[in-house]
Amino acid sequence: MSTKPCALHFGAGNIGRGFVGAVLVHAGAHVVFADVDKGVIDRVNKLGKYTVHILAANEAGEKQKPETELIQDVSGILSTDQKALEEVAVRDLVLITTAVGPSILPKIAPSIITVLRARQKAGKGPINVVACENTEGATTALREAVMKQLREQDADKKLLEYAEHQVGWADSAVDRIVPVFEPDVKTEETSLDVGVEPFYEWDVDERSLKVTHPDLQINGILPTDRLESYIMRKLYTLNTGHAITSYLGYLKGYDSISEAICDPTIEPVVAQALKESGAALRHKYGFPEKEHAHYRHTIIVRFKNPNVPDSPQRVGRQPLRKLQPRDRLLGPMTMCRDYGLSRKNLIKGVAAALLFRDDSDDQAKEVAERISSEGVEKVVVDLLSLAPDHEDVKGVVDAYNELQKKT
């Protein structure tokens, strides 16, 4: 049994192994993966290691030879195995993380409760819980699920107090693309290998963290007291750029995001849109100009990586969700308008979203039907909640008509 600080991670999939687990192992933790997939857990325990392949490309979008990282000091348990969870709970466990998908969080609450109950009974000290999901407030949602189930179980007062006061429920923002990956040689030894892009970011709300014993210092995590700013930076840069690239790429018939962003008519629009959203983000959150310029550049380079295959059709799906008031398209455009900033290229991105078509996507079909029956101006007025003569309504309609002529 390892004598290192222990981290229990729920979700032994590609993101768990390629991102969260790898970062924690590099920080000096023994990582116990918990999952419902017995086959994966058996392989983790048999091999005790796996390789992470860093799938890099240069700034021109040309593939480079992958680097590799050997991840060792890992083990696994079934997330439904109460005895195994109790045994892990009373080790030098300092951190619980998840990468299971937002909808699964309530389903792992009973397993979290098992761990907390065992720690409370054994007189163990504080522990931190960080849900690493692609949604805002994931740890808060997990905490609410745990506390709800504890109350429904009429849990012991001491356990409730432990869950309330000895657990650091810290929200986070995570960013790393972990694409579908196949090793060059398929063997049992490579069955757990995973491919990842070079970039990653993991921001954690430091205000919620508890001091644990032993204390685990994780170099790959950025503790911050302004998590919202990093969440919005990702949403209005990465997600904004991804969406605009996908819609413009769709209109020009590209099969991949990496091809679309290299188009000389698309990259400048995306780059300028991110510069516009960046001006608003810097105005609201105070990001230094050089720092944010580097972040924007990094995002564009990530889109060019052909090792991370993604299609405009997949990225562009559910356009109405992406056209919600605070989401990746209208959100930065509105923020620019509020600060009196330029938003010409963001407006073009909104117009491109209205031209996205996919017969298998109910939202795309709804947009097309509404434009056909009501006219594009009425749809834009409804989406923007602005008067028909507002400059942004006119801007979107004009950009829509211009793009439509070219398709």
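Residue numbering for the sequence shown follows our numbering, beginning at 1134 and increasing consecutively.
Note that the Cβ used here is the ideal one computed from N, Cα and C, for glycine as well.
Bear in mind the structure is a predicted one, so any value in this text is a computation, not a measurement.
Could you spell out where the beta strand (DSSP E) holding residue i opens and where it closes?
{"i": "residue 1390", "result": "From DSSP, residue 1390 is part of no beta strand (DSSP E) but of the alpha helix (DSSP H) over 1390 to 1394."}
{"i": "residue 1139", "result": "1139 to 1143"}
{"i": "residue 1261", "result": "1260 to 1264"}
{"i": "residue 1165", "result": "1163 to 1168"}
Would you tell me roughly how many angstroms separate the C-alpha atoms of residue i and residue j, rounded to the nearest one?
{"i": "residue 1462", "j": "residue 1136", "result": "48 Å"}
{"i": "residue 1435", "j": "residue 1254", "result": "47 Å"}
{"i": "residue 1193", "j": "residue 1210", "result": "43 Å"}
{"i": "residue 1241", "j": "residue 1520", "result": "47 Å"}
{"i": "residue 1260", "j": "residue 1272", "result": "14 Å"}
{"i": "residue 1249", "j": "residue 1411", "result": "42 Å"}
{"i": "residue 1372", "j": "residue 1470", "result": "19 Å"}
{"i": "residue 1305", "j": "residue 1265", "result": "6 Å"}
{"i": "residue 1238", "j": "residue 1440", "result": "30 Å"}
{"i": "residue 1457", "j": "residue 1451", "result": "11 Å"}
{"i": "residue 1310", "j": "residue 1333", "result": "8 Å"}
Under 6 Å Cβ to Cβ from residue i, same chain only, skipping five residues before and after it: list those, please.
{"i": "residue 1354", "result": "1335, 1337"}
{"i": "residue 1149", "result": "1142, 1232"}
{"i": "residue 1171", "result": "none"}
{"i": "residue 1159", "result": "none"}
Should residue i and residue j be called a contact, given that it needs their Cβ atoms to be closer than 7 Å?
{"i": "residue 1157", "j": "residue 1165", "result": "no"}
{"i": "residue 1356", "j": "residue 1339", "result": "yes"}
{"i": "residue 1530", "j": "residue 1509", "result": "yes"}
{"i": "residue 1381", "j": "residue 1399", "result": "yes"}
{"i": "residue 1258", "j": "residue 1346", "result": "yes"}
{"i": "residue 1145", "j": "residue 1185", "result": "no"}
{"i": "residue 1390", "j": "residue 1308", "result": "no"}
With burial defined as no fewer than 16 other Cβ atoms inside 10 Å of the residue's Cβ, what is the status of residue i: buried or exposed?
{"i": "residue 1203", "result": "exposed"}
{"i": "residue 1422", "result": "exposed"}
{"i": "residue 1168", "result": "buried"}
{"i": "residue 1425", "result": "buried"}
{"i": "residue 1287", "result": "exposed"}
{"i": "residue 1478", "result": "buried"}
{"i": "residue 1341", "result": "buried"}
{"i": "residue 1367", "result": "buried"}
{"i": "residue 1285", "result": "exposed"}
Could you spell out where the alpha helix (DSSP H) holding residue i opens and where it closes?
{"i": "residue 1505", "result": "1495 to 1507"}
{"i": "residue 1416", "result": "1400 to 1418"}
{"i": "residue 1298", "result": "1290 to 1298"}
Can you list, in chain order, the residues of its chain whose CB lies under 7 Å from that of residue i, leaving out five sequence neighbours each side?
{"i": "residue 1325", "result": "1150, 1176, 1177, 1180, 1183"}
{"i": "residue 1501", "result": "1490"}
{"i": "residue 1413", "result": "1465, 1468, 1469, 1472, 1474"}
Please return the same chain residues whose Cβ sits closer than 8 Å to the Cβ of residue i, not counting the five positions on each side in sequence.
{"i": "residue 1376", "result": "1448, 1449, 1455, 1461, 1462, 1482, 1486"}
Spell out whether any CB of chain C is found under 7 Å from the CB atom of residue i.
{"i": "residue 1277", "result": "Given the protein chain composition of this structure (a single chain), no chain C is represented."}
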